[in-house]
Amino acid sequence: LQIAYAYFLVYAPRADRSVFFGRFISALMILTSHLFTTYRLYETNARGVRLNHQVVFKYLLLSGYNEEIDAMCQRTRRWVETRDTRSTDNLLFFDSAFIASNAFLHFAFPHQILKTTIKSEYALDAVHLMLARQYGAYLIAFAFVSVLAVHFTLKNQRIYVLSRIIMQMSMVVLNVLGHWSDSVYHTQHIIPFMISAFYITFLISLFYRLQRIDDRAWNGEKITITRRMKSPSMEGRHEKKV
């Protein structure tokens, strides 16, 4: 998840506010999970975690209004020149719903999921439950970004979907290693593993659909520029004939 997020920040020309908002929600849920786990691991409740008064929230100061105007112009051009963006928006909404449901299951029912997928000879403790909740909290960030990615530029949308492909492929590789190399997972784990593997094809199809839309919009822009360059010469020829 961190690799996918880092890839999006490195290659995206401009990170939108929804990305940082999703990370904020994810970090808040991870902090809550850590505090709850620390409270459960201590022998007495009096030794609970006490936040230091020096800990403060860091607010992100956004600047650069020219970038905001350029982004709005690109979004307007995408809606005017391309007519099939509604389908890609629905696919992004579906991706957000899929991630949100997965995050909810891991954050709300970590014990049931781990008990179903991991073999019984491996003992589960509070740390395993914390890691499962932490995984769900990380997914919440991508759920927020996916539902707000419809307002991204086409380039940022492609980069974000590519980061989702990297994240999904990393999860599949880890599941393969845990299932066949370490023999940690139970046979019932094969069902969510296959769903996770086939979901990569959905993300790849979404990426190429965005690529086609961007190519169509770019070709239309080049045709418009060519017509504008040819129009003065045609007017000059018409005046000479008159």
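For what it's worth, our numbering labels the leading residue of the sequence shown as 3, then goes sequentially.
Glycine included, each C-beta is placed from N, C-alpha and C at the ideal position.
Residue environment: N92 is assigned as exposed (fewer than 16 neighbouring CB atoms within 10 Å of its CB, all protein chains considered). With distances taken between CA atoms, V129 lies nearest to L37 out of Q213, Q170, L37, T155. Contact between I115 and A134 holds: their C-beta atoms lie close to 6 Å from each other, under 8 Å. Residue burial annotation: L205 is buried, with at least 16 other C-beta atoms found within 10 angstroms of its C-beta.
Note: I101 is not bridge-paired with any residue in the DSSP secondary-structure output.
In this structure, the beta-carbon distance from S198 to M169 does not fall below 8 Å. Burial state of R19 is exposed, judged by a 10 Å Cβ sphere holding fewer than 16 other Cβ atoms. In the three-state reduction of the DSSP assignment, Y187 falls in the strand class. Around the CB of M31, 16 or more other CB atoms lie within 10 Å, so the residue is classed as buried. Distance from Y162 to A151 at the Cβ level is roughly 6 Å; contact confirmed, criterion being Cβ atoms closer than 8 Å. Burial check for V175: the Cβ neighbour count within 10 Å stays below 16, so the residue is exposed.
Per DSSP, the unbroken alpha helix (DSSP H) holding S148 starts and ends at 128 to 150. One Cα belongs to L107, the other to L179, and the distance between them is close to 23 Å. Here M196 is exposed. Its C-beta has fewer than 16 other C-beta atoms within 10 Å.
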